[in-house]
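Trainee:
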Amino acid sequence: MIEIQAVSQRFDGPSGPVDAIRNVSISVKKGEVFGIIGRSGAGKSTLVRTLNMLNRPTQGHIVLDGQEMTSLNPARLREARRHIGMIFQHFNLLSSRTVRGNVALPLELAGIPKPEINRKVDELLELVDLTALADRYPAQISGGQKQRVGIARALANNPKVLLSDEATSALDPETTKSILELLRKINRELGLTIVLITHQMEVIKQICDRMAVMEAGEVIELGPVLDIFRAPRHPVTRAMIGDVISLDLPKGVLQRVRAQLAQAKEGDAQSHLLRLAFTGSGVEEPLLSEAVRRFDLDFNILHGQIDEIQEQAFGSLAILARGSDEQIEQAKAFMQTRGVTVEELNHVIAVD
Ligand SMILES: Nc1ncnc2c1ncn2[C@@H]1O[C@H](COP(=O)(O)OP(=O)(O)O)[C@@H](O)[C@H]1O
Ligand SMILES: [Mg+2]
Numbered sequence: 240m241i242e243i244q245a246v247s248q249r250f251d252g253p254s255g256p257v258d259a260i261r262n263v264s265i266s267v268k269k270g271e272v273f274g275i276i277g278r279s280g281a282g283k284s285t286l287v288r289t290l291n292m293l294n295r296p297t298q299g300h301i302v303l304d305g306q307e308m309t310s311l312n313p314a315r316l317r318e319a320r321r322h323i324g325m326i327f328q329h330f331n332l333l334s335s336r337t338v339r340g341n342v343a344l345p346l347e348l349a350g351i352p353k354p355e356i357n358r359k360v361d362e363l364l365e366l367v368d369l370t371a372l373a374d375r376y377p378a379q380i381s382g383g384q385k386q387r388v389g390i391a392r393a394l395a396n397n398p399k400v401l402l403s404d405e406a407t408s409a410l411d412p413e414t415t416k417s418i419l420e421l422l423r424k425i426n427r428e429l430g431l432t433i434v435l436i437t438h439q440m441e442v443i444k445q446i447c448d449r450m451a452v453m454e455a456g457e458v459i460e461l462g463p464v465l466d467i468f469r470a471p472r473h474p475v476t477r478a479m480i481g482d483v484i485s486l487d488l489p490k491g492v493l494q495r496v497r498a499q500l501a502q503a504k505e506g507d508a509q510s511h512l513l514r515l516a517f518t519g520s521g522v523e524e525p526l527l528s529e530a531v532r533r534f535d536l537d538f539n540i541l542h543g544q545i546d547e548i549q550e551q552a553f554g555s556l557a558i559l560a561r562g563s564d565e566q567i568e569q570a571k572a573f574m575q576t577r578g579v580t581v582e583e584l585n586h587v588i589a590v591d
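Mapping to the numbering used here: the sequence shown position 186 is 425, numbers consecutive.
(1) With a cut-off of 8 Å, do at least 3 Cβ pairs link the region 421-435 to the region 342-353?
(2) Do A530 and F573 have their C-beta atoms within less than 7 Å of each other?
(3) For Q298, name the three-state secondary structure that DSSP assigns.
(4) Let's see if you can read the secondary structure: which residues bound the alpha helix (DSSP H) around F517?
(5) Which of the three DSSP states, helix, strand or coil, is assigned to G350?
(6) On the criterion of 16 or more Cβ atoms from any shown chain inside 10 Å, does Q551 qualify as buried, or is it exposed?
(7) So, are the CB atoms of A245 and G324 less than 7 Å apart?
(8) I'd like to check one pair, L332 with P377: are the Cβ atoms closer than 7 Å?
(9) Assign V400 to one of three DSSP states: helix, strand, or coil.
(10) Per DSSP, which one or two residues make a beta bridge with I433?
(11) Can the beta-carbon of F534 be found closer than 7 Å to that of A570?
(12) Once DSSP output is grouped into helix, strand and coil, what is the label at L584?
(13) Taking 7 Å as the threshold (C-beta atoms), are S403 and L435 in contact?
(14) Quick check: what's the CA-CA separation for D591 versus H473?
(15) Taking the alpha helix (DSSP H) that D564 falls in, what are its first and last residues?
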């Protein structure tokens with residue numbers, strides 16, 4: 240649906256050139272919610288602006304629904320842009336127009352006849368649950384309601400793609416949740432492809448199918464959200480996931496483990512601290528007992544946690560397993576073949 244092919248963007252800043260995006264390639268599939276996360280200044284907004292050519296990339300290509308955006312003339316580009324909806328952090332509503340007037344604007348600009356505009360606006364207001372507030376002005380509604388207006392307006396021309404740049408960043412957690420639920424509903428009901436830019440992992444966790452992590456203009460990690468949550472590779476990704484689910488052991492648990500290890504005697508079996516990550520509920524216990532039986536291990540469960548990622552249970556279990564290196568390796572391989580990601584956390588218990 241969207242092909243970002245080796246795109247780079249260099250700006251002339253006051254103190255020399257700035258490489259805002261470096262050689263970024265991302266392919267977004269039709270009908271998916273694709274999240275792009277990164278810290279402030281990572282290049283996210285610049286990248287999303289290249290999708291509709293608000294930024295012309297210095298290098299690379301953007302192909303949107305089969306159309307090479309970089310090569311369109313101004314008239315064709317205007318036409319192509321009508322099929323790309325966009326929502327923003329600060330809503331960008333016209334304060335002099337009512338809710339209804341704001342949603343109608345893109346339809347008026349497209350020269351749609353009045354009766355058809357009215358019908359379409361009614362339908363959109365219904366979709367975003369704003370029918371009762373149609374005649375209010377932006378100053379008379381809440382932030383969450385303003386973003387609903389923004390979404391209705393973005394959908395007016397039946398876009399093929401919806402781009403969202405930090406659309407929930409100015410909202411409280413509860414309102415964020417309801418806006419994300421609305422975006423998910425639109426994605427499912429209309430089959431709309433959504434590209435969502437955010438600096439909040441919570442947003443990614445709630446509605447994205449796949450994600451890319453950006454840092455200093457580059458994509459440092461890309462894949463299905465569940466896979467990346469299960470086994471984040473890059474420290475930046477790890478830190479951001481750590482904001483929403485705890486990847487690290489609570490301090491009290493760590494102290495207990497260290498105390499236990501300090502008492503271990505020479506010749507005792509090696510202890511390995513393992514983190515198991517799994518999806519679906521209730522799979523871990525039988526699997527653990529089976530691993531214990533098969534490989535003759537001894538283990539303690541230190542800490543467990545179940546989260547939800549897009550309506551799927553996502554569990555994480557820290558265990559201290561004792562056995563020979565070979566037994567541990569075999570048990571790890573066994574659990575991995577059953578779909579559990581196993582990570583050694585020994586570095587966190589190393590006492591210096
Ligand atoms: N028009 C511009 N001119 C010069 N530098 C820019 C321009 N737009 C963005 N930048 C720089 O590019 C980098 C990425 O910015 P941006 O895409 O806004 O990051 P993000 O949205 O991830 O916070 C920043 O260093 C920013 O200062
Ligand atoms: Mg930004």
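Yeah, the Cβ is synthetic: ideal placement off N, Cα and C, and Gly gets one too.
Mentor: Here's the rundown:
(1) No, because fewer than three Cβ pairs between the region 421-435 and the region 342-353 fall closer than 8 Å, the two stretches do not touch.
(2) yes
(3) strand
(4) No alpha helix (DSSP H) contains F517, which is instead part of the beta strand (DSSP E) from 510-518.
(5) Coil, per DSSP.
(6) exposed
(7) no
(8) yes
(9) strand
(10) V272, L401
(11) yes
(12) coil
(13) yes
(14) Residue confidence for D591 is low, a pLDDT of 45 falling below 50, so the modelled location carries little weight and cannot support an answer.
(15) 564-576
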